[in-house]
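Student: Provided herewith is a single structure, encoded as structure tokens, for subsequent inquiry.
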Amino acid sequence: MPDTRPRFAEEPAEVMNARDLERANEKLGEKTEEDLSSRSETLDARASDGRAPGGGDLEKLGTYDKREITEDDCYDELGFCFPAWKKWYILSVIFIVQVSMNFNTSLYSNALGGISEQFHVSEQAARVGAAIFLVFYAFGCELWAPWSEEFGRWPVLQLSLALVNIWQIPVALAPNFATVLVCRALGGLSSAGGSVTLGMIADMWEADKQQYAVAYVVFSSVGGSILGPIVGGFSEAYLSWQ
Amino acid sequence: MTNADGARWSIWIQLIFGGFVQLLHFFTVPETRTTIMMNKIAKRRRKQGNPNIWGPDELVPFKDRFSAKEILVTWIRPFKMFLTEPIVLVLSLLSGFSDALIFMFIQSFSLVYKQWGFSVVDVGLSFLSIGVGYLVAWIAFIPAIRRNIKERQARPEDERAQYESRLWFLLYTAPCLPIGLIGFAWTIQGPPIHWIGSMIFAAIVGIANYSIYMATIDYMICAYGPYSASATGGNGWSRDFLAGVLTVPATPFFTNIGKSSGRNLEYACTILFCISFVLVTAVYVIYWKGPALRARSPFAQQLAQAKTEDGGRRPSTVGNVYGGGRRASESCPCHKRCYHADPSQVRRPRRAARTARDPKGARTASPSASSARTA
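Sequence lines, in order, name chains S and W. At position 76 of the first sequence (counting the first as 1) the number is 77 in the working numbering, and the numbers step up by one without a gap. At position 82 of the second sequence (counting the first as 1) the number is 85 in the working numbering, and the numbers step up by one without a gap.
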């Protein structure tokens with residue numbers, strides 16, 4: 002014979018822990034059938050305001066229930082429900098962040114002549130500074146991404162940008178070529194590029210609706226790399242005047 | 004020391020740009036990460052008189068959520084997928100090769116265009132041709148995306164329409180890579196051929212580079228669901244790594260092959276054409292064999308399983324606004340596609356597993372609750 006005792010729900014763990022549920026079912030089992038409808042209302046009310054109007058014996062139940070908020074509970078407050086202008090503004094800043102990261106990879110190539118002259122190394126050796134940045138950048142993106150999911154995108158991206166900027170200074174002031182290489186490598190490793198920016202798209206667009214946003218960020222990623230040599234041509238030609 | 008000053012300036016320019024970007028991000032971009040926002044929302048709701056609402060990170064202490072082992076697993080997964088997933092491997096190699104080409108161009112454009120007597124500034128501006136290619140590809144993708152969305156809505160039960168259709172536009176733009184390279188190879192002899200010829204072919208290479216990156220990550224995001232961060236991570240890694248590794252040999256490659264004939268640039272580009280020709284065929288193979296390849300993949304398979312449990316619905320036909328993101332949160336303790344999910348852990352109901360705690364504050368009644376976060 003099936004269990005005919007009244008129950009609150011098929012999936013008890015959603016709103017209360019197992020012990021509380023057993024206690025509640027015990028008490029309910031003693032009651033008569035007509036109490037049932039008011040009981041289920043009581044449960045609904047309890048879930049929303051933590052009290053049980055009209056259900057004196059149940060008032061204590063749920064006091065200790067810590068309930069984890071779900072995406073469904075607060076969907077309209079999450080990134081997915083930002084107004085379109087806000088999403089695209091955030092994405093535009095990310096666009097510029099991505100451009101600057103890829104710009105850093107390629108602009109160095111216009112410094113090759115100067116670096117080889119200053120440190121008395123061949124241009125081919127000076128290219129190692131460009132290569133090492135890219136290789137470490139490749140690993141850097143991977144290393145940063147999981148942390149951005151644990152601590153949030155904002156602090157991780159701020160830390161990454163700060164470190165990238167700090168490592169530029171010793172490259173510019175380097176007394177020898179080894180310093181240039183080491184600080185270029187550290188700069189590359191500090192760059193939280195493509196993976197964190199794609200993660201931010203996933204924060205604001207459902208996987209099924211994000212193609213336009215991906216197309217936008219991809220443009221910044223490939224565009225940043227060619228902005229380097231364009232700006233570099235001018236800096237090489239006009240900023241060597243001292 | 005004039006060149007050295009120029010070199011230093013190029014570093015200062017990076018720093019100025021980087022500093023500007025950091026300030027802009029600091030002041031105007033809010034946190035977007037779903038779990039972090041949920042913690043804040045839960046805190047606010049508790050203040051508003053709802054003492055039982057807790058955020059996803061508040062119920063489990065940090066050390067339980069994030070172990071050294073888990074960190075290692077998430078770091079290794081992109082490389083594991085790169086090596087064990089044929090889709091990730093060949094598409095990433097294609098994507099990496101096309102990006103490395105651009106970085107090889109950065110090293111070699113001055114060799115090419117000095118034949119026309121280009122100045123340093125002129126050589127820099129010649130990269131605008133690739134930029135035009137990127138722009139054309141981006142604009143061309145917008146109607147292609149619109150078409151793709153319609154196709155997915157129209158044929159919800161057709162597997163190719165749901166997945167491989169995202170590579171459809173690439174079927175037409177990927178050949179731009181070999182076409183652009185072979186055209187570039189044989190228009191760079193210098194005068195009397197006009198330089199605009201080679202720039203048009205460079206733009207065609209740009210179209211291919213943009214399209215390949217866009218379409219391959221779009222397809223991987225769809226095919227790998229919760230593991231897509233690792234799959235696209237492998238793609239991005241391949242791009243930067245190959246670009247870095249090929250930066251150093253680029254100049255000898257362009258100057259030394261067939262030097263005695265004086266056709267070294269042409270031969271070098273022809274070799275690149277041959278490599279690109281082989282890699283581009285991968286797009287067609289994956290377009291046709293994609294369903295079979297995904298069926299054999301433990302990473303892609305778990306996504307399919309989650310869909311079956313959902314009554315066989317495809318993401319585009321799920322009627323509510325939560326779409327694909329919700330499914331990702333069911334197969335992994337995180338709330339979006341992320342680095343946490345592990346294909347060996349097939350677990351379904353987050354709700355049953357990790358909600359309540361008992362009054363004394365001990366960990367939950369359900370033994371699976373702790374594994375849900377730390378697995």
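Every residue gets a Cβ at the ideal spot worked out from N, C-alpha and C, and that includes glycine.
Among W:R169, W:G120, W:N42, whose alpha-carbon lies nearest the alpha-carbon of W:I289?
Tutor: Residue 289 of chain W sits at position 286 when you count from the first residue of the second sequence. Cα-wise, what sits closest to W:I289 is W:R169.
Student: Which chain S residues sit within Cβ distance under 9 Å of W:E167?
Tutor: Taking the first residue of the second sequence as 1, we reach residue 167 of chain W at position 164. The premise fails here: W:E167 is roughly 15 Å from chain S at the closest Cβ pair, so nothing lies under 9 Å.
Student: Determine the direct distance from the alpha carbon of S:T106 to that of S:F134, and round the result to whole angstroms.
Tutor: The residue labelled residue 134 of chain S in the question sits at position 133 within the first sequence. The residue labelled residue 106 of chain S in the question sits at position 105 within the first sequence. The straight-line gap from Cα to Cα measures roughly 7 Å.
Student: Which same chain residues end up closer than 6 Å to W:L275 when comparing Cβ atoms and leaving out the 5 residues on each side of it in sequence?
Tutor: Against the second sequence, residue 275 of chain W aligns to sequence position 272. Cβ neighbours of W:L275 beyond the five flanking positions: L184.
Student: Out of S:F235, S:H121, S:S117, S:D73, which has the shortest C-alpha to C-alpha gap to S:A131?
Tutor: As a position in the first sequence, residue 131 of chain S is number 130, starting the count at 1. Closest option to S:A131, Cα to Cα, is S:S117.
Student: Which residue wins for smallest C-alpha separation from W:M202, given the options W:P195, W:M223, W:N212, W:I191?
Tutor: Your numbering for residue 202 of chain W matches position 199 in the second sequence. The shortest Cα separation from W:M202 among W:P195, W:M223, W:N212, W:I191 belongs to W:I191.
Student: Quick check: the Cα distance between W:G120 and S:Q125, rounded to an integer number of angstroms?
Tutor: Here residue 120 of chain W is taken as the residue at index 117 of the second sequence, counted from 1. Here residue 125 of chain S is taken as the residue at index 124 of the first sequence, counted from 1. Spanning the two alpha carbons is a distance of roughly 23 Å.
Student: Please classify S:W86: is it buried, with 16 or more other beta-carbons within 10 angstroms of its beta-carbon, or exposed?
Tutor: For this step, residue 86 of chain S is matched to residue 85 along the first sequence. S:W86 comes out exposed.
Student: Thinking C-alpha only, which one of S:L162, S:A186, S:N166, S:L79 is nearest S:A139?
Tutor: Taking the first residue of the first sequence as 1, we reach residue 139 of chain S at position 138. Out of S:L162, S:A186, S:N166, S:L79, S:A186 has the C-alpha closest to the C-alpha of S:A139.
Student: Does the distance from the C-beta atom of W:T176 to that of W:S129 stay below 9 Å?
Tutor: Here the question's residue 176 of chain W lines up with position 173 in the second sequence. Here the question's residue 129 of chain W lines up with position 126 in the second sequence. No. Outside cutoff.
Student: Provide the residue(s) that pair with W:W57 in DSSP beta bridges, ordered along the chain.
Tutor: Indexing the second sequence from 1 puts residue 57 of chain W at position 54. In the DSSP output, where bridge partners are listed per residue, W:W57 has S:E69.
Student: When DSSP labels each residue in this structure, what does W:C225 get in the three-state scheme?
Tutor: Sequence index remark: in the second sequence, residue 225 of chain W carries index 222 (1-based). Correct three-state label for W:C225: helix.
Student: Roughly how many angstroms lie between the CA atoms of W:T87 and W:F108, to the nearest whole one?
Tutor: Numbered from 1 along the second sequence, position 84 holds the residue referred to as residue 87 of chain W. Numbered from 1 along the second sequence, position 105 holds the residue referred to as residue 108 of chain W. When rounded, the distance between both Cα atoms is 31 Å.
Student: For W:N267, go through chain S and note every residue whose CB falls closer than 7 Å to its CB, in chain order.
Tutor: In the second sequence, residue 267 of chain W corresponds to position 264, counting from 1. Residues of chain S passing the Cβ test: none, with the nearest at roughly 16 Å.
Student: Leaving out five residues before and five after W:E162 in sequence, what residues of the same chain have Cβ atoms less than 8 Å from its Cβ?
Tutor: Here residue 162 of chain W refers to the residue found at position 159 of the second sequence. The answer, listed in chain order, is P294.
Student: Between which residues of its own chain and W:A246 is the CB-CB distance below 6 Å, once the five residues before and five after are set aside?
Tutor: Looking up residue 246 of chain W in the second sequence gives position 243. Cβ neighbours of W:A246 beyond the five flanking positions: D102, A103, F106.
Student: Measuring alpha carbon to alpha carbon, tell me which residue in S:Q159, S:R154, S:V165, S:V219 is nearest W:L27.
Tutor: In the second sequence, the residue the question calls residue 27 of chain W occupies position 24. Of the listed residues, the one whose Cα sits closest to W:L27 is S:Q159.
Student: Which chain S residues are close to W:I220, counting only those with a beta carbon under 9 Å from its beta carbon?
Tutor: Locating residue 220 of chain W in the second sequence gives position 217, where the first residue counts as 1. Within chain S, the residues near W:I220 are G195, L199, V215, V219.
Student: So, are the CB atoms of S:G188 and S:F137 less than 9 Å apart?
Tutor: Numbered from 1 along the first sequence, position 187 holds the residue referred to as residue 188 of chain S. Numbered from 1 along the first sequence, position 136 holds the residue referred to as residue 137 of chain S. Taking 9 Å as the Cβ cut-off, S:G188 and S:F137 qualify as a contacting pair.
Student: Mark S:R68 as exposed unless 16 or more other C-beta atoms lie within 10 angstroms of its C-beta, in which case mark it buried.
Tutor: Position 67 of the first sequence, counted from the start, is the residue given in the question as residue 68 of chain S. Classification of S:R68: buried, given that the 10 Å Cβ count is 16 or more.
Student: Name, please, each residue of chain S whose Cβ falls closer than 7 Å to the Cβ of W:T31.
Tutor: Here residue 31 of chain W refers to the residue found at position 28 when the second sequence is read from its first residue. Within chain S, the residues near W:T31 are V94.
Student: Among W:V76, W:L131, W:G193, W:F144, which one has its Cα closest to the Cα of S:G224?
Tutor: To locate residue 224 of chain S, count along the first sequence from 1; it is residue 223. Of the candidates W:V76, W:L131, W:G193, W:F144, the one whose C-alpha sits nearest the C-alpha of S:G224 is W:L131.
Student: Between W:P33 and S:W155, is the Cβ-Cβ spacing less than 9 Å?
Tutor: By 1-based counting over the second sequence, the position of residue 33 of chain W is 30. By 1-based counting over the first sequence, the position of residue 155 of chain S is 154. Contact flag set, yes.
Student: For W:R11 and W:L249, I'd like the C-alpha separation in whole angstroms.
Tutor: Position 8 of the second sequence, counted from the start, is the residue given in the question as residue 11 of chain W. Position 246 of the second sequence, counted from the start, is the residue given in the question as residue 249 of chain W. Computed Cα separation, rounded: 24 Å.
Student: So W:S113 packs on W:V93, CB below 8 Å; how close in whole Å?
Tutor: Here the question's residue 113 of chain W lines up with position 110 in the second sequence. Here the question's residue 93 of chain W lines up with position 90 in the second sequence. Not confirmed; about 33 Å, so no contact.
Student: Would you mind telling me which residues of chain S sit closer than 7 Å to W:M41, beta carbon to beta carbon, in chain order?
Tutor: In the second sequence, residue 41 of chain W corresponds to position 38, counting from 1. Correct list: I70, C75.
Student: From W:G21 to S:S101, what distance separates their C-alpha atoms?
Tutor: Here the question's residue 21 of chain W lines up with position 18 in the second sequence. Here the question's residue 101 of chain S lines up with position 100 in the first sequence. Roughly 6 Å between the two C-alpha positions.
Student: Please classify W:S264 as buried or exposed, where buried requires at least 16 neighbouring CB atoms within 10 angstroms.
Tutor: Within the second sequence, the letter at position 261 stands for residue 264 of chain W. Label assigned to W:S264: exposed.
Student: Any beta-carbon of chain S closer than 9 Å to the one on W:N424?
Tutor: With chain W running from 4 to 378 in the structure shown, residue 424 of chain W is simply not present.
Student: Ignoring anything shorter than 4 residues, give me the alpha helix (DSSP H) runs that lie fully in the segment 165-236 of chain S, in order along the chain.
Tutor: The qualifying runs are 178-191, 195-205.
Student: Within the same chain, show all residues whose beta-carbon is closer than 6 Å to that of S:H121, passing over the 5 residues directly before and after it, in chain order.
Tutor: As a working note, residue 121 of chain S is residue 120 in the first sequence. Excluding positions up to five away in sequence, the list is empty.
Student: Drop a sphere of 10 angstroms on the beta-carbon of W:V91, count the other beta-carbons inside from all chains shown, and report buried for 16 or more, exposed for fewer.
Tutor: Within the second sequence, the letter at position 88 stands for residue 91 of chain W. Label assigned to W:V91: buried.
Student: Under 9 Å between C-beta atoms, does W:H197 make it to chain S?
Tutor: In the second sequence, residue 197 of chain W corresponds to position 194, counting from 1. For W:H197, the answer is no, since every Cβ of chain S falls outside 9 Å of its Cβ.
Student: Can you list, in chain order, the residues of its chain with a C-beta nearer than 8 Å to that of S:D58? Leave out the 5 residues immediately preceding and following it.
Tutor: By one-based count along the first sequence, residue 58 of chain S stands at place 57. At S:D58, the pLDDT of 48 sits below 50, so the modelled position is not reliable; the number obtained from the coordinates is stated separately. Closer than 8 Å at Cβ, skipping near neighbours: K28.
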